[in-house]
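Quick mapping for you: the protein sequence lines, in order, are chains E and A.
Letter by letter, the first sequence follows residues 1 to 196 in our numbering.
Letter by letter, the second sequence follows residues 197 to 392 in our numbering.
Glycine included, C-beta positions come from ideal geometry on N, C-alpha and C.
Presented below is the structure to which this report refers.
Number of protein chains: 2
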Amino acid sequence: MAAIEDLASEFARLPGIGRKTALRLTYYLLKRPPDEIRRLARALDAVADRIRACSQCGNLTESDPCVYCSSPRRDPSILCVVEEASDIAAIERTGEYNGLYHVLAGRLSPLEGIGPAELNVASLMARLGNGSRVREVILATNPSVEGEATAVYLQKLIQPLGIRVTRLARGLPVGGDLEYADGVTIAQALAGRREM
Amino acid sequence: MAAIEDLASEFARLPGIGRKTALRLTYYLLKRPPDEIRRLARALDAVADRIRACSQCGNLTESDPCVYCSSPRRDPSILCVVEEASDIAAIERTGEYNGLYHVLAGRLSPLEGIGPAELNVASLMARLGNGSRVREVILATNPSVEGEATAVYLQKLIQPLGIRVTRLARGLPVGGDLEYADGVTIAQALAGRREM
Numbered sequence: 001m002a003a004i005e006d007l008a009s010e011f012a013r014l015p016g017i018g019r020k021t022a023l024r025l026t027y028y029l030l031k032r033p034p035d036e037i038r039r040l041a042r043a044l045d046a047v048a049d050r051i052r053a054c055s056q057c058g059n060l061t062e063s064d065p066c067v068y069c070s071s072p073r074r075d076p077s078i079l080c081v082v083e084e085a086s087d088i089a090a091i092e093r094t095g096e097y098n099g100l101y102h103v104l105a106g107r108l109s110p111l112e113g114i115g116p117a118e119l120n121v122a123s124l125m126a127r128l129g130n131g132s133r134v135r136e137v138i139l140a141t142n143p144s145v146e147g148e149a150t151a152v153y154l155q156k157l158i159q160p161l162g163i164r165v166t167r168l169a170r171g172l173p174v175g176g177d178l179e180y181a182d183g184v185t186i187a188q189a190l191a192g193r194r195e196m
Numbered sequence: 197m198a199a200i201e202d203l204a205s206e207f208a209r210l211p212g213i214g215r216k217t218a219l220r221l222t223y224y225l226l227k228r229p230p231d232e233i234r235r236l237a238r239a240l241d242a243v244a245d246r247i248r249a250c251s252q253c254g255n256l257t258e259s260d261p262c263v264y265c266s267s268p269r270r271d272p273s274i275l276c277v278v279e280e281a282s283d284i285a286a287i288e289r290t291g292e293y294n295g296l297y298h299v300l301a302g303r304l305s306p307l308e309g310i311g312p313a314e315l316n317v318a319s320l321m322a323r324l325g326n327g328s329r330v331r332e333v334i335l336a337t338n339p340s341v342e343g344e345a346t347a348v349y350l351q352k353l354i355q356p357l358g359i360r361v362t363r364l365a366r367g368l369p370v371g372g373d374l375e376y377a378d379g380v381t382i383a384q385a386l387a388g389r390r391e392m
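Shown next as structure tokens:
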């Protein structure tokens, strides 16, 4: 049963998958045709073999530079800075952004020993240096304590270059309910209130 | 991004894993070293290549016959009939059973078109036929409507052979709370009450 145990152990390494779920997934696959199991294995191999960080923006990609960096239809004067490559997908889903991206691959976290040197900060500053066409940097790090600290840190680096620095608006989520919103969010929504 | 999309789609096929969890797992793996991704792929391949049903009991195994059927230390006079190979692991964890197993690979379910012919019933009856050393069959199908119907069906087939047929006890789960037990379980616990 070593193969079954091995697979369950590998599944159990994944985030949010405990021992019981790992076994359930394993036994589910055992009841599927072997070719279906191999299809998942091939998809994993493809990712392991072909996905790498874009040398320009740090996005995860099969082609280098990535689709955004190599697209002639994206606006090179706006750069959106995100924590993770997965955040790009979330922004792209809105269909409202047409600039370029830069992936930090994390956030400042002194407690975890993550400083600017552990993030793609040097490559970001290189893109904003002499001859850069970037006129605005949108700091789209998460609205968390660490994301906020990262944004403030980057703002201090970027603003002296004469580039506009913006941050995603905070406030009530669309479809949310004032009654259930937390106080900090309501405070942010108040502070950021706009004329109708 | 085809490789990333493919992997997310494959994950999303697994039970209990929706689109969002599939993406989360995919992006998690993308941040791990490629060798770690390949280790999961190899574990899947090993299962696809090596795991098959035991020709005697239907258990999922790398070696045929399986560890239980081939063990000289298991008692061949008791046979425990379960719905799925994964149920064997649950019973083995108790350390209280030392007989052999038979895996039906399902349960009777007329609504899903699953009759005796779709289950490992013929092979079960063959094991109980002339010259069989089995003296007791424990019907350990699930305590559900379908598991119950399957047990009753098998009882009618097996009892005429002069073999003792038993069923796992039903009652209050250990550590459970009478207040929160459902009525059917309490009724079963009452009907099955024992002298102290």
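For residue j and residue i, the rounded distance between their alpha carbons
i: R329 of chain A; j: E344 of chain A; result: 26 Å
i: P259 of chain E; j: K20 of chain E; result: Because residue 259 of chain E is not part of the residues shown, which for chain E are 1 to 196, the question remains open.
i: S266 of chain A; j: A12 of chain E; result: 30 Å
i: S210 of chain A; j: V370 of chain A; result: It should be noted that the sequence gives Leu, not Ser, for residue 210 of chain A. The alpha-carbon atoms of L210 of chain A and V370 of chain A are separated by roughly 31 Å.
i: D49 of chain E; j: C66 of chain E; result: 16 Å
i: P72 of chain E; j: I186 of chain E; result: 40 Å
i: G358 of chain A; j: V348 of chain A; result: 16 Å
i: D202 of chain A; j: G95 of chain E; result: 22 Å
i: E314 of chain A; j: N98 of chain E; result: 56 Å
i: Y68 of chain E; j: R74 of chain E; result: 7 Å
i: S123 of chain E; j: A199 of chain A; result: 26 Å
i: R360 of chain A; j: L324 of chain A; result: 11 Å
i: V121 of chain E; j: G171 of chain E; result: 28 Å
i: K352 of chain A; j: T346 of chain A; result: 10 Å
i: G199 of chain E; j: I138 of chain E; result: With chain E covering only 1 through 196, there is no way to say anything about residue 199 of chain E.
i: S273 of chain A; j: L219 of chain A; result: 50 Å
i: C54 of chain E; j: A140 of chain E; result: 19 Å
i: R193 of chain E; j: L104 of chain E; result: 30 Å
i: R102 of chain E; j: C80 of chain E; result: Strictly speaking, residue 102 of chain E in this sequence is His, with Arg absent from that position. Taking the straight line from one Cα to the other gives about 6 Å.
i: G176 of chain E; j: L364 of chain A; result: 49 Å
i: R135 of chain E; j: K227 of chain A; result: 31 Å
Local Cβ density within 10 Å of residue i, reported as buried at 16 or more and exposed below that
i: E179 of chain E; result: exposed
i: D283 of chain A; result: buried
i: L307 of chain A; result: exposed
i: R107 of chain E; result: buried
i: N255 of chain A; result: buried
i: D378 of chain A; result: exposed
i: Q252 of chain A; result: buried
i: D241 of chain A; result: buried
i: A43 of chain E; result: buried
i: V82 of chain E; result: buried
i: E195 of chain E; result: exposed
i: V184 of chain E; result: exposed
i: V341 of chain A; result: exposed
Chain-ordered neighbours of residue i on chain A, where CB pairs are closer than 8 Å
i: P15 of chain E; result: R220, L221, Y224
i: T94 of chain E; result: Simply none; closest approach about 16 Å.
Within-8 Å CB hit, residue i to chain E
i: R246 of chain A; result: yes
i: D271 of chain A; result: no
i: A199 of chain A; result: yes
i: E308 of chain A; result: no
i: E314 of chain A; result: no
i: T217 of chain A; result: yes
Beta carbon proximity, residue i to chain A, threshold 8 Å
i: A43 of chain E; result: yes
i: A85 of chain E; result: yes
i: T150 of chain E; result: no
i: E62 of chain E; result: yes
Chain A residues whose Cβ lies nearer than 7 Å to that of residue i
i: P34 of chain E; result: A244
i: E10 of chain E; result: R235, L236, A239
Within chain E, partners of residue i - CB distance below 7 Å
i: D202 of chain A; result: A43, A46
i: E342 of chain A; result: Neighbours of E342 of chain A on chain E: none; closest Cβ ~17 Å, over 7 Å.
Under 8 Å by beta carbon: chain E residues contacting residue i
i: R234 of chain A; result: L44, D45, A48
Within chain E, partners of residue i - CB distance below 9 Å
i: E391 of chain A; result: Ordered by position in chain E, no residue passes the 9 Å Cβ test against E391 of chain A, which lies about 36 Å from the chain.
Identified DSSP bridge partners for residue i
i: E332 of chain A; result: A:I274, A:R360
i: Y297 of chain A; result: A:C276
i: E109 of chain E; result: According to the sequence displayed, residue 109 of chain E carries Ser and not Glu. Paired residues: E:I114.
i: L256 of chain A; result: A:A249
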